[in-house]
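Worksheet for the structure shown next.
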Amino acid sequence: MSGKLYLCATPIGNLEDITLRVINTLREVDLIAAEDTRYSRKLLNHYEIKTPMTSYHEHNKVDKAKNLVEQLLAGKHIALITDAGTPAISDPGEELVKQAYDAGIEVTSLPGPCALITGLTLSGLSTGRFSFEAFLPSDKKERARILSELTNDTRTLILYEAPHRLKKTLRELYETLGNRTITIVRELTKIHETICRTSLIEAISSYESTEPKGEFVLIIEGKSVNELEKERQSIWEEKSITEHMKIYTDQGLEKKEAMKSVAKDRGISKREVYQALLDLKED
Ligand code: SAM
275 MSGKLYLCAT PIGNLEDITL RVINTLREVD LIAAEDTRYS RKLLNHYEIK
325 TPMTSYHEHN KVDKAKNLVE QLLAGKHIAL ITDAGTPAIS DPGEELVKQA
375 YDAGIEVTSL PGPCALITGL TLSGLSTGRF SFEAFLPSDK KERARILSEL
425 TNDTRTLILY EAPHRLKKTL RELYETLGNR TITIVRELTK IHETICRTSL
475 IEAISSYEST EPKGEFVLII EGKSVNELEK ERQSIWEEKS ITEHMKIYTD
525 QGLEKKEAMK SVAKDRGISK REVYQALLDL KED
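So the sequence shown is residues 275 to 557, counted in the working numbering.
Right, here's the structure in full:
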């Protein structure tokens, strides 16, 4: 019988943020695959876990996943841990999970700390709808493409960022999204945890004289729905009602349906569209 793959969430700073189930599982499995075995040794020593470890990281993820899947198929139970938090979130875990499914291996996830969720809960921003973009790519074009895609997104945006790129990212966020509210959470669950709820402009100026240090999650307010609606309406208002109607009738819409769409686009009633068309006719 095949073994099982256990995705085990580990602390993102505070060693006590680990579930009893994760500790027990790490003790019971045959092997622990860890991103950095030297780093994870501290955690295992703290909880007196003696299970053998093997390294599974970004640079060996494809071949090592194959090897781990072979061991799973041979009946070994394997736990996957990452340097911090939930495996497969912004780390190589995703590759192993995919290969395990392809091989018909059973996979389960033992929930626990995750920096993006911890940051979101502390943001004071809307948590109902959010998008997680992990780290923005370093490639300039790709970065610009993603940022422009996010400009009109009304969902709260969550990003991970390294300290040496924080200032640049804050500037680019301001240039593309405008002056939104941002909550910058730093060193979550650690002694120097800081939460700063501010605006993008103020965040930029506060880092002018200090060098960012530590681990960061950025949580940025989504585009205001009202602002988006106003912008959409102002695009239509540049057109006359007749031109606007023509766009829909050219698409094959009946006059009544076209009037309904025009009214919706301009944020006015169908009656107002009708009246405007009548006035034009009379003129
Ligand atoms: N798998 C992890 C998780 O579940 O959150 C994320 C791994 S990703 C390689 C590392 C990034 O997560 C850091 O650069 C930082 O943006 C964020 N992060 C991890 N721990 C953090 C902490 N204690 N405080 C703030 N951000 C943290």
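Using N, Cα and C, we set each Cβ at its ideal position, and we do this for glycine too.
Please read all numbers here as calculations on a predicted model, not as lab measurements.
beta-carbon residue i near ligand 1 non-hydrogen atom, thresh 7 Å
i	result
ASP365	yes
CYS388	yes
ALA358	yes
TYR280	no
ARG460	yes
PHE404	no
ALA308	no
TYR434	yes
ILE286	yes
LYS414	no
Test item: CB-CB of residue i and residue j under 8 Å
i	j	result
VAL303	LEU396	no
ILE493	THR443	no
THR457	ILE465	no
GLU369	ALA389	no
SER329	THR311	yes
THR425	LEU394	no
GLY526	ARG471	no
LEU440	PRO486	yes
Given residue i as reference, the closest of the options once Cα atoms are compared
i	options	result
VAL536	CYS282, LYS316 and SER514	SER514
TYR321	PRO285, GLU368, LYS338 and ASP337	PRO285
VAL336	LYS372, THR360 and THR299	LYS372
THR360	LYS415, ARG315 and VAL296	VAL296
ALA477	ARG540, ASN453, ASN319 and LEU552	ASN453
PRO437	ARG417, GLU489 and SER479	GLU489
8 Å contact criterion, which residue i and residue j should meet: CB distance rounded
i	j	result
LEU384	TYR280	6 Å
THR610	VAL499	The structure shown has nothing for residue 610, since the chain only spans 275 to 557.
query = Where are the alpha helix (DSSP H) runs, 4 residues long or more, that stay fully inside the segment 284–338, in chain order?
reply = 294–302 and 311–320
inquiry  = To test your reading of the DSSP string, which unbroken alpha helix (DSSP H) runs of 4 or more residues are found completely within the segment 438–524?
reply    = 440–451, 474–480, 499–511 and 515–524
request  = Report the residue ranges of all alpha helix (DSSP H) runs contained in full by the segment 369–429; include only those spanning at least 4 residues, in chain order.
outcome  = 389–396 and 414–424
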